[in-house]
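According to our numbering, the first sequence is numbered sequentially starting from 45. Every residue, glycine too, gets a C-beta built ideally from N, C-alpha and C. Owing to the predicted nature of the structure, the values given are computational and were not obtained by experimental measurement.
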Amino acid sequence: MGTIMDSKYQPQLVEEKIYKEWDEKGLLRPSSDEKPFTILMPPPNANASLHAGHGMYMIEDILIRYKRLMGFASLWIPGTDHAGFETQFVYEKYLAKQDKSRFDFSRQALYENIYQFVRGNSGLIYNQFKKLGFLADWKRSVFTLDKHVLETVLDTFIKMEKEGYIYKDEYIVNYCTHCGTSLSELETVHVERKDPLYYLKYGPFVLATVRPETKFGDTAIAVHPKDKRYEKWVGKEVEVEGLLGKFNIKVIADEMVDMKFGTGVVKITPAHDPADFEAGKRHGLEVKRVINIDGRLNELTGPYAGLKVKIAREKIVTDLKNKGLIEKVDNEYLHAVTVCYKCGRDLEPTIIPNWFIKVKELKKPVIEAIKKDKIKFYPKRYKKQILQWLKVMHDWPISRQIAWGIRIPVWYLVNGNESRIWLSFIDREGKFKIGTIQQYLDKGHNLDEIKKGLQQITVPIYEQVQVKYLVSVNEPKDRQNWIQETDTFDTWFSSGQWPLVTLKEEEYKTRFPTDVMGTLSDILPFWVSRMIMFSLYRKNEIPFKNVYLWSKVVDSKGQKMSKSKGNVINPIDLVNKYGADAFRASLIFGTGENNVPLAEEKVIGMRNFVNKIWNIGRFIEMNNKVKSQKSKVKSSSEKLKVLKELEKEYKKEKKQYLKYMDSYQFFKALGLVYEFIWHRFADYYIEQLKDEVINGNIEALGKLKEVYLENLKMLHPFTPFVTEMIWKVFKGKKKSILEVRI
RNA sequence: GGACUUGUAGCUCAAUGGCUAGAGCGCUUCAUUCACAUUGAAGAGGUUAGAGGUUCGAGUCCUCUCAAGUCCACCA
45 MGTIMDSKYQ
55 PQLVEEKIYK
65 EWDEKGLLRP
75 SSDEKPFTIL
85 MPPPNANASL
95 HAGHGMYMIE
105 DILIRYKRLM
115 GFASLWIPGT
125 DHAGFETQFV
135 YEKYLAKQDK
145 SRFDFSRQAL
155 YENIYQFVRG
165 NSGLIYNQFK
175 KLGFLADWKR
185 SVFTLDKHVL
195 ETVLDTFIKM
205 EKEGYIYKDE
215 YIVNYCTHCG
225 TSLSELETVH
235 VERKDPLYYL
245 KYGPFVLATV
255 RPETKFGDTA
265 IAVHPKDKRY
275 EKWVGKEVEV
285 EGLLGKFNIK
295 VIADEMVDMK
305 FGTGVVKITP
315 AHDPADFEAG
325 KRHGLEVKRV
335 INIDGRLNEL
345 TGPYAGLKVK
355 IAREKIVTDL
365 KNKGLIEKVD
375 NEYLHAVTVC
385 YKCGRDLEPT
395 IIPNWFIKVK
405 ELKKPVIEAI
415 KKDKIKFYPK
425 RYKKQILQWL
435 KVMHDWPISR
445 QIAWGIRIPV
455 WYLVNGNESR
465 IWLSFIDREG
475 KFKIGTIQQY
485 LDKGHNLDEI
495 KKGLQQITVP
505 IYEQVQVKYL
515 VSVNEPKDRQ
525 NWIQETDTFD
535 TWFSSGQWPL
545 VTLKEEEYKT
555 RFPTDVMGTL
565 SDILPFWVSR
575 MIMFSLYRKN
585 EIPFKNVYLW
595 SKVVDSKGQK
605 MSKSKGNVIN
615 PIDLVNKYGA
625 DAFRASLIFG
635 TGENNVPLAE
645 EKVIGMRNFV
655 NKIWNIGRFI
665 EMNNKVKSQK
675 SKVKSSSEKL
685 KVLKELEKEY
695 KKEKKQYLKY
705 MDSYQFFKAL
715 GLVYEFIWHR
725 FADYYIEQLK
735 DEVINGNIEA
745 LGKLKEVYLE
755 NLKMLHPFTP
765 FVTEMIWKVF
775 KGKKKSILEV
785 RI
C-alpha cells in the first residue's frame, strides 16, 4: 500500500484523474449481466453552459451510483435539446449585436447559421457535468435534431394526422410581435400593471377599455343578459359615431360580461382578444382583423394604418378627445397584462393559422395511468398537480413561426393557389420581399428563387376554397408545384418524444419503461405529461415508473437567481474552489422538498465534512500500517462493550439509510450518514477506542475499519471522489469502489 | 378570481400525533505536540405566524385570520 495521505484532502489534485479512470475502466456504463436500471437525462439546451439549476441533475447521478452499488446495471443516457425558441432567441440577440436580424436571411441560411452556432457551444456542458462527476454514458448522447430523432418525430406527426388527431385552424394566439412567434399559454407571463382605462362614448353607451386602438375591429357590443339597464338594446343594432365616421353595430347579451366592471358594457373585438374570440364563436360574429402580425395597424384603420400599436393608441386617444368621445380616464386601473416570457413585451392576441393536436382522447390513458399509480411521483403532492393540469389541458398548438426546429412535413399545392399563399423571402439580389406568390411571379421572380430564399409562408384558412395540402416528409413527386410549410414543431413536440428516441431498439425489451425521470418541477406540465402521452400513444406503454421532481436552486436568502439581481452563482467556481463532492453535498444537505438554497458557506461546511471523512481514513490507515510492529492487545470487557455498541448502531444506520434511499429521501440519507460518521463514529467511537488502537488492538482497529468502509460506500453516491480516493488507498490503486456492492 | 405550497433559533432547513422541538452556518467561552484548527468540548439563542377546536397528549390533525411564494386564469 504505502499511499501517503496528506493531512488535508485536496480535491483539485485528484478529481480529474479519478474521473478519467472511471472512463477508462468502462464504469460510465454498466456491466451487462446485472438487473437493468435506466435513467434518461433531461436534455439541456445544446448551446447552454452549466448553471446552478443543472447541479440538481446530481440527483440522478446519486441514483445511478446507488443502484450500481446495489447490484444494478445502471445506465444514464445523456442528450441535448435544440430548444427551438430559446436558442433562436439567443442567436438573434447575437445577430442584433452585428446590426442584423433574422429578416436578413432565408430560413435555410438562418437554420444553418444557428446549427453552426450551437455546434460551437456544444460539448461545453458535458465537460462541466464530468467535473461534477456524472456517471453517464456520454458516447450515447442523443441530440434532438439527430437523423433518427427526426424520423421518429415526423413519423408520429404523420400517424397522428392519419388518425385525425391533427388539425389546422385559425386560432387566436398570444403573439409576440417582437419575437415574431406565437406563444403557448405556458410561455407567457402575467404581470400586474397600471394602465389608463378609457371611458368611450359609444353610441347610446359608454364603455371602458384599455385598448381603444382595437375599436376598428369591433363587431359587436356586449352586455350581461341580466343587466336591466341595457335590456332594451339587446339584439338590436345601434348607430355609433367613431373616428372613421358613423357605423352600425349589433348588441349582444353574454354572461362573460361583468356587470360591475366599468359601465357593464364591453366592445367585442374577436380578432384581438382571446375572450372576445370565444364570444365571437358563440355568437357567430365576424372576425375583423385590424392589427397585422408585425404589430402595426392595417388599412382598415384609415389614417392610422402603418402605425405601431402604442403610437396608434396615443394618437387615437388624442383624436377621440378632440372629437369629445372620451368621457373620462381612470389612470389608476390595475390589471393583469400578458407579456412575453422572453422579451417582456406586451403580447398581441392575434389570429394565425396554426397546427393543433386534439388532446381529449390522447390524455385519457395518461390520466388513467397516473390515477392507477403506474407512474409514481416524488414528492407525492405532484400527482395531484399533474392530474389537475391534465384535466384542464386543451388542444395543443404545435406549430411555431421560427426556423430553428423540425419543419412540419406539410406541402401546400401552389398551382391555382398562387394568390392564396402569402410569404416572405429574400430574392436573388438579397432583398427582403413580402406578399403573395402571385405578386412575385408577376414581377418576374420564379418559384425556385422564392423557395431558395424563403423565410416564412402563411396559408390562411379561406371561407370557400381551401389550399390543398399533403402530409409528406419529401416533396410530392408529380407534375404540380408544392411548397413546404415553414412552421416548425414546438420544442416540446420533439422533446416530448425523448423516451422514444434514446434507447436502442433491443433495449425497449429490457429497459423500457425506464426507471426514473428526474426533472425540475416547473416543467411537469410541459414535458412530463407530454412524454407520458406520446409514449402511451406510440408504444402503448408508460415511459418511466417514477418521477422525481426537484425544485429551483435559489440563493442563500431564497431568492431566485437572476442576472439583474446579481445573485447568480456559478457552480464551476465553487467546484474549483472546494471540490465537486462539497458542491454536490451542499445541494442535498439540509434541504427539504422545497427550493434548494445554495450558498458558499454551506459548500464550505460540506468541504469540512469531506475533509473529516478523509482524516478518519487517514487515522485508520496510519494505524493499519504500523499494526504489525506492535504487540497484540486484547480488548478489555469495557472496550468490547463499545465495539458491540458500534456494531449495533451501524446496523441500525444502514437499515435506515436503505429505507431513505429507496424512498428518494436523499437529504435524510445524507444527513443520517453525516451525523453517524462525524458525531458518533469519529467523536465518540474513535475517541473511546483511540488508545487501544494506537497500542495495537487489532480487533478494535478491524471493527473500525470495517464500519468505516461500509460508510464510504453509503457516502459514495453523494461524495463520489473522496470515497473513491480513500478506497484506492485501502484497497489498491487499481480498485474502484464502483466495483463493489453495498 | 382559482389551485397548490410554505410560515419552527440571527440565516438555511429537519422533526411516522408521544421522552427535554434538533442540525448546518453564524455567535460566546475554553482546549491544543494528538487523524483532522477545514479540530474538539461546553454554552447562549424558541410563546413552532396568530386565534380557536379535536385528543390522555398537537410543531404535526381540523377551522378561521395574517403573511410569503409558485402555477393556472371564460376552462378548476
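Query	Result
What separation, rounded to the nearest whole angstrom, lies between the Cα atoms of F201 and L179?	34 Å
Excluding sequence positions up to five away, which residues of its chain have a Cβ less than 6 Å from the Cβ of K698?	none
Pairing CB atoms from the segment 591-610 with CB atoms from the segment 130-142, are three or more of them under 8 Å?	no
When the Cα atoms are used, what is the spatial distance from T332 to I360?	According to the sequence provided, residue 332 is Lys. The question's Thr does not apply to it. Looking at the two C-alpha atoms, the distance is approximately 18 Å.
Report, in whole angstroms, the separation of the C-beta atoms of I401 and I430, which I expect to be a contact under 8 Å.	Actually they are not in contact, since the Cβ atoms of I401 and I430 sit about 18 Å apart, beyond 8 Å.
Considering only the alpha carbon of each residue, which of R451, K304, I265, P269 lies closest to V284?	I265
With C-beta atoms as the reference, is V517 less than 7 Å away from P453?	yes
What does DSSP give as the partner residues of T767 in its beta bridges?	T767 pairs with nothing; no bridge assigned.
As a quick exercise: from Q524, V515, T480, K487, pick the residue whose alpha carbon is nearest that of I501.	T480
Taking the DSSP output, what are the residues bridged to R237?	H379
Is it buried or exposed for V737, if we count other Cβ within 10 angstroms and need 16 for buried?	buried
Fully enclosed by the segment 71-114, which alpha helix (DSSP H) runs are 4 residues long or longer?	102-113
Mapping the DSSP letters down to three states, classify L544 as helix, strand or coil.	helix
Quick one, are the C-beta atoms of N218 and L341 less than 7 Å apart?	no
So, with DSSP's three-state summary, where would you put G346?	helix
Taking the alpha carbon of S680 as the reference point, which residue from A744, P269, L547 has its own alpha carbon closest?	A744
Have a look at A356, K290, I210, K238 and flag the residue whose alpha-carbon is nearest the alpha-carbon of T258.	A356
Expressed to the nearest angstrom, what Euclidean distance is found between the alpha-carbon atoms of D105 and D417?	25 Å
Put W571 into one of helix, strand or coil per three-state DSSP.	helix
Rounded to whole angstroms, what is the Cα-Cα separation between W440 and V403?	7 Å
Could you tell me if I787 is buried or exposed, where buried requires 16 or more neighbouring beta carbons within 10 angstroms of its beta carbon?	Absent from the structure is residue 787, since the part of the chain shown begins at 45 and ends at 786.
Which residue comes first and which comes last in the alpha helix (DSSP H) that contains V619?	615-622
Under 7 Å Cβ to Cβ from A96, same chain only, skipping five residues before and after it: list those, please.	V597, M605, I613, P615, L642
Going by beta carbon distance, what residues of the same chain come within less than 7 Å of E299, once the five residues before and after it are set aside?	H268, P269
Between which residues of its own chain and L94 is the CB-CB distance below 7 Å, once the five residues before and five after are set aside?	I169, Q172, P615, I616
Whole angstroms is fine: what's the gap from K238's alpha carbon to N165's?	41 Å
Roughly how far, in whole angstroms, is the beta-carbon of P55 from the beta-carbon of I216, given that I think they are within contact range, below 8 Å?	Wrong, their Cβ atoms sit about 55 Å apart, outside the cutoff.
State the CB to CB distance for the pair V784 and N755, rounded to an integer number of angstroms; the pair is presumed to be in contact (CB under 8 Å).	Not really, about 13 Å apart at Cβ, beyond 8 Å.
Any idea which residues DSSP pairs P409 with across the strands?	Partner(s): none; P409 has no beta bridge.
Return the CA-CA distance between T253 and G324, expressed in angstroms with no decimal places.	18 Å
Going by Cα to Cα distance, which pick from F291, V58, K477 is closest to E768?	V58
If contact is defined by three or more beta carbon pairs under 8 Å, each pair taking one atom from either stretch, is the segment 568-583 in contact with the segment 539-552?	yes
Quick check on the DSSP output: the beta strand (DSSP E) that includes F421 runs from which residue to which?	420-422
At which residues does the beta strand (DSSP E) containing T558 begin and terminate?	558-564
Measure from the alpha carbon of F116 to the alpha carbon of each residue in N620, E645, R73, then state which is nearest.	R73
Please look up how many angstroms separate the CB atoms of F533 and I632, rounded, as I've assumed it's under 8 Å.	Not confirmed; about 36 Å, so no contact.
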